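> Chains as they are written, first to last, in UniProt numbering: chain L, 1 to 105; chain S, 1 to 236.
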Amino acid sequence: METPNLSYINSLSGGDKAFEKQLITIIKSEFPKEKDVYFKNIESDNFTEASENVHKIKHKISILGLEKSYAIAVDYENNLKTSNLEGKVDFETILQLITDYLVTL
Amino acid sequence: MDCIIIDDEATARAIIIQLCSNNCSLNILEEFSNAIQAIKYLNQNNIDLIFLDIHMPDFTGFDFIQTIKNPPKIILTTSDAQFAIEAFEYECIVDYLVKPIALPRFQKAIKKAEAKASKPIFSQSLSALEEEEATILYVNIDRRLIKIDIPSIYLIEAKGDYINVKTEDKNYTVHSTLKKIEDKLPDNLFLKIHRSYIINVHKIVDIEDNSVLIKKDVIPVSRSNRPELMKRLNLL
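1. Just to confirm the assignment: which complete alpha helix (DSSP H) runs, minimum length 4, are found wholly within the UniProt domain "HTH LytTR-type" (137-235) of chain S?
2. With distances taken between CB atoms, is the gap from residue 59 of chain S to residue 23 of chain S smaller than 8 Å?
3. Can you name, in chain order, every residue of its own chain whose Cβ lies under 6 Å from the Cβ of residue 79 of chain L, other than the five neighbours on each side?
4. Helix, strand or coil for residue 92 of chain S per DSSP?
5. Going by the DSSP bridge assignment, what does residue 98 of chain S pair with across the sheet?
6. Could you tell me the boundaries of the beta strand (DSSP E) in which residue 27 of chain S lies?
7. Within 8 Å (strictly less), CB to CB, does residue 241 of chain S reach chain L?
8. Alpha carbon to alpha carbon, what distance is there between residue 78 of chain S and residue 99 of chain S?
9. Between residue 101 of chain L and residue 54 of chain S, what straight-line distance do the alpha-carbon atoms span, to the nearest angstrom?
10. Take the Cβ of residue 69 of chain L as the centre, count every other Cβ of all protein chains shown within 10 Å, and call the residue buried at 16 or more, exposed below.
11. Using the three-state DSSP reduction, which class does residue 73 of chain S fall into: helix, strand or coil?
12. What does the alpha-carbon distance come out to for the pair residue 218 of chain S and residue 53 of chain L?
13. Whose CA, out of S/46, S/80 and S/19, lies closest to the CA of residue 23 of chain L?
14. Opposite residue 24 of chain S in the DSSP bridges: which residues?
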């Protein structure tokens, strides 16, 4: 499994620690909400809406440098559009991975 | 340039603000989490450039563009590469950035916006006739200036000191270089896919491995140009 990292955020910041802190704060605030909405939509079989949630979350996956996970999210997003849940377990593992990582920041 | 950001994701907006902070010519006036708020703002304010997310709930970036009158320049920011072809059908769209956006790619997009901004008086005062002329190219062949309709060009190939311009109706051999004609062609329509070939991306029939079929011509795609070509495709 890949490890989340701050390479992209650091490349954006150019050493601006205030920006790094601000962006991480935003991600830490936004990600759990997006994750909750995703799980609610999955529980309610709202797969189209869930695919929208995955779409939004995948940007954060890429921001945290998870390239392979991003590809998994892209496939899962497309699968959900046809109510196909293939990739669900892998995607939700990624969500947990990010959740655990954000706690450390 | 006075700019606004429209993106329903706060993280994305923060990133664009940071990217803009590297360029003193950009002045972010407002950020919006939905397009409706932005439309209201645009009704009362003049803006030079919009950073616009395509994928937003209820009202997409394309809905937004079709709604506003006289849209300013727009740089699309999206996680989806598949809308690139559709995007370049809009005159106002300057560039198409796929998230996560890296600083060098962002700066390139800003240069494009600035280049377009440097000729507003010319472009805004174009009459219908002049707009039509903007799609026309004159080439010098045997001391005659021959008019070519730019959208009808499907392929340009380098042949030593000459270029061969292929159109729907006729082929023209012109004493010029690919570089010179590339500068005269609209970026949204044409793409250099090999050091010897420029193609009209709207005329692609199919793509196989490292070649493109345009009309009946099979054209090689160089490895370095392939990523840009793939970006332009509306891939399913």
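Beta carbons: idealized from backbone N, C-alpha and C, even for Gly.
As the structure is a prediction and not an experimental result, all values here were calculated from the model.
A quick look at the data gives this:
1. 178-184 and 226-232
2. no
3. 86 and 87
4. coil
5. S/78
6. 27-32
7. Missing from the structure shown is residue 241 of chain S; chain S here goes from 1 to 236 and no further.
8. 6 Å
9. 29 Å
10. buried
11. strand
12. 41 Å
13. S/19
14. Per DSSP, none; premise fails for residue 24 of chain S.
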